[in-house]
Each structure stands twice: as C-alpha cells, then as structure tokens.
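Below: one structure, written as structure tokens.
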Amino acid sequence: MIEFLDNIDQNLFLFLNGLNSPFWDQVMWWISGTISWLPLYLLITGWLIYRFKWKVVLILFMVAVLITLSDQGSVHLFKELFQRPRPCHDPEISQVVHLVKGHCGGKYGFVSSHAANTFAMGTFTLLIIRKRFYSIFIMLWASLLSYSRIYLGVHYPGDILGGAAFGIILGFLIYKIYLLAATKLDAYHKKS
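What the sequence shown shows, in the working numbering, is residues 4 to 195, in sequence order.
Here's what the structure looks like:
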C-alpha cells in the first residue's frame, strides 16, 4: 500500500513539476520566497493592530509560538524521523526533476516546512479575523505558496499535504490556547 501511494505521489509530482516554463520559473521562485510576502504580513499585522488594539501583543506572541512549533516540528518530528528524500535528492527521479536556479534544499522533504508554516498561520489568523474574504484568500495563498514548492522541484505533493495537515492542526490548537489566554487576560483587566 505504501509503495502504491508513493508511486502515485511520484507520478503526480513529475506531472506537476513538468509543467514549467522560464516565465513560471521566475513567478514560482518569487512566490516561494519569504521576503516576497513581507508586505502581506505587514498588512495583516496592521489590520490586527487596528482591530484588536492591546490584544495584538498576545496574538503576535501566539503567531511567533505557532511558527516556531510548525517550523521546528516539521523538521524534528517529521523530516528527521521519516527521512524521505526530496524529489531533487531522490536517486530514482533526480535526473528528470526540473529545478529552478539549481536550488534543491536539505536532504529530506516530508513534511514541507513552507506548507506547515503557511497553513498554520493561515488557519490561526482566519480563526482570529473571521472574515469570509480573508479566509478564502489566506487559504489560496497557502495553497499557491505550497504548490510553488512542487513546481520548484523540492517537494512531493505528499510532503505538501502532510505539511498542510500539520499546520492546520497546529493553527487550530494554538487558536484554542489563545482563546484561553485572552479570556484570562480579559478577566484580569476587569478586576484591575
């Protein structure tokens, strides 16, 4: 069964990774870059400050905890444990993988840290913001950024799905912790 799923994952990767062109190479490289999304992060932070005032300190603290957990968890709980080679390091297919700018990344790819981080942040912030437009946008953003990792040749679709699931679960759990902390802070402020 695992071989069957691995074969489907590999074939789907080869199909998606094979849909490339010089134009899309540049677009996907930009989409996958961390600095490219800085204006979006600043816009979200600004809106959170406007909407939540002093509570934004707690929200941003929870985001920092969330990203640390998703990033480090994706490495130490998954990549180091499963040791599944990235497509660009997989001896079976590495010679046919389309890499952009020759960048392959670390040896192991399951789960994708990009997917874990973006879906974790997306899930947490959509639960905080609770606006339909934002929820759709942020999940499309996480999906597009995650897809770019397949396009660039550094992750299998299964790596992306695993990272997305891990991120969504963490985002939801940290949101629940945030609710508890916010309730306690509100109660403390009412007593003061």
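All C-beta atoms in this analysis are idealised placements derived from N, C-alpha and C, irrespective of residue type, glycine included. Model, not experiment: these values are computed from the prediction.
Let me make sure I understand the geometry here. Which of Phe169, Pro94, Arg152 and Pro25 has the alpha-carbon closest to that of Thr126? Phe169
From the DSSP output, which residues share a beta bridge with Tyr178? In DSSP, Tyr178 forms no bridge with anything.
Over the uninterrupted alpha helix (DSSP H) stretch that includes Gly49, give me the two end residues. Leu41 to Phe55
Starting from Asn20 and walking both ways along the alpha helix (DSSP H), at which residues does that stretch end? Ile5 to Asn20
Thinking Val78 and Pro90 are a contact (beta carbons under 8 Å), I'd like their distance in whole angstroms, please. Actually they are not in contact, since the Cβ atoms of Val78 and Pro90 sit about 18 Å apart, beyond 8 Å.
Every unbroken alpha helix (DSSP H) inside the segment 89–125 [4 residues or more]: none
How should Lys82 be labelled, buried or exposed, when 16 other C-beta atoms within 10 angstroms of its C-beta is the threshold for buried? buried
According to the Cβ coordinates, are Ala123 and Gly174 closer than 8 Å? yes
What is the DSSP secondary structure of Leu155, reduced to helix, strand or coil? coil
Between the Cα of His92 and the Cα atoms of Val59, Leu45 and Gly109, which residue gives the shortest distance? Gly109
Tell me, please, whether the segment 12–19 touches the segment 159–167 by the rule of three or more beta-carbon pairs shorter than 8 Å. yes
Specify the secondary structure class of Gln86 as computed by DSSP and reduced to three states. coil
Separation of Leu63 from Ser97, as counted between CA atoms: 40 Å
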